[in-house]
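Residue numbers (this note's numbering): 230 to 508.
Using N, Cα and C, we set each Cβ at its ideal position, and we do this for glycine too.
Being a predicted model, the structure only gives us computed values, none of them experimental.
See the structure below:
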């Protein structure tokens, strides 16, 4: 029996199909199937903007070992022939403005937009997310439609598609809009009653509601057709290879499995059950 197992392991290794882990993430498939030339030899360097519960489980790069985007990065590293994944926490504004350096790509629930494409490049989409409305559970009855937001104090994270949606589509009064440098500050303000609602990607507010102990709830979402993509510096030569890896992971059901493992578990709610509001 032991001899048979060894033969199987040798056969898998010869095909580049040996299973292993990076962090807590199981990585499978042909190792080195789509090789890239990383900025630092032997490792994949990925930037993100923390926190990102469900996507990045941990408070700092040193503590993160799994999550949807972390494990996506781990699988990309493995398919690219790399054994090590290094995470860098960077400022959101600098990241989407193409001002950060010395990384291979970024995964940070970044919506692909034409405006952002002027300064950075994106991979093919790997996740779809609309814009959700997070409120205090005690105010659930008050917020039951888009009209109920008109006189509310609404928070957004600066330089996000939600901020643009609030201003351009919902045309929310500026004097009732509060802009935060990060989502953590917005969530804190909501709990403290300094704002009445916070809007950002449905995936992010569902995660925050799930860990609030019932204090916060997602009352609705606006369908915007948004998609997340990996962010690259302009002209990055590895983008095509990473696209091939993401395509393979999607085809093989890996992305779906990661979503079920890390996001559905984190949220405790099927996002399709959240009421859809029209602007």
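Put simply, of 388, 470, 444 the residue whose alpha carbon is nearest the alpha carbon of residue 334 is 470. In the DSSP assignment, residue 250 forms a beta bridge with 255. The C-beta separation of residue 409 from residue 387 comes to about 7 Å, placing the pair in contact by the 8 Å criterion.
Taking C-beta atoms as the reference points, residue 459 and residue 336 count as a pair closer than 7 Å.
Between residue 498 and residue 435, the CB-CB gap stays under 7 Å. Going by DSSP, residue 503 is part of no alpha helix (DSSP H) at all; its letter is neither H nor E. Contact check for residue 360 against residue 428 passes: the beta carbons are separated by less than 7 Å. Under the 10 Å beta carbon count, residue 347 is surrounded by fewer than 16 other beta carbons and is classified as exposed.
Minimum Cα-Cα distance from residue 454 among the listed residues 330, 332, 390 corresponds to 390. Contact between residue 366 and residue 443 is confirmed by a C-beta separation of about 6 Å, below the 8 Å threshold. A straight line joining the alpha-carbon of residue 493 with that of residue 277 spans about 21 Å.
Contact annotation: residue 426 and residue 381 have beta-carbon atoms nearer than 7 Å. Annotation: the segment 370-406 contains the following complete segments of the alpha helix (DSSP H) (minimum length 4 residues), in chain order: 390-393. Here residue 317 is bridged, per DSSP, to 276.
Judged by their CB atoms, residue 508 and residue 399 are nearer to each other than the 7 Å cut-off. Between residue 275 and residue 309 the beta-carbon gap is near 12 Å, outside 8 Å, which marks them as no contact. At a Cβ-Cβ threshold of 7 Å, residue 254 and residue 295 count as neighbours. In the three-state reduction of the DSSP assignment, residue 268 falls in the coil class, being assigned neither a helical nor a strand state. For residue 424, the three-state secondary structure derived from DSSP is coil. Proximity to residue 448 across 504, 480, 486, 481 peaks at 504, based on C-alpha coordinates. Distance from the CA of residue 394 to the CA of residue 249, rounded to the nearest whole angstrom, comes to 42 Å. Taking all protein chains shown into account, residue 369 has fewer than 16 neighbouring C-beta atoms within 10 Å of its C-beta and is therefore exposed. Inside the segment 441-493, DSSP marks whole alpha helix (DSSP H) runs of 4 or more residues at positions 468-480, 483-487, from first to last along the chain. Under the DSSP definition of a beta bridge, residue 306 lacks any partner. In its chain, beyond the 5 residues on either side, 293, 294, 295, 299, 300, 303, 314 have a beta carbon closer than 8 Å to the beta carbon of residue 252. Within a 10 Å sphere around the beta-carbon of residue 374 sit fewer than 16 other beta-carbons, which makes this residue exposed. Residue 340 has 457 as its beta-bridge partners, per DSSP. Put simply, of 350, 283, 312, 331 the residue whose alpha carbon is nearest the alpha carbon of residue 272 is 312. Ranked by how close their Cα comes to the Cα of residue 450, the residues 415, 506, 440, 379 have 506 in first place. When beta bridges are read from the DSSP output, residue 430 appears opposite 360.
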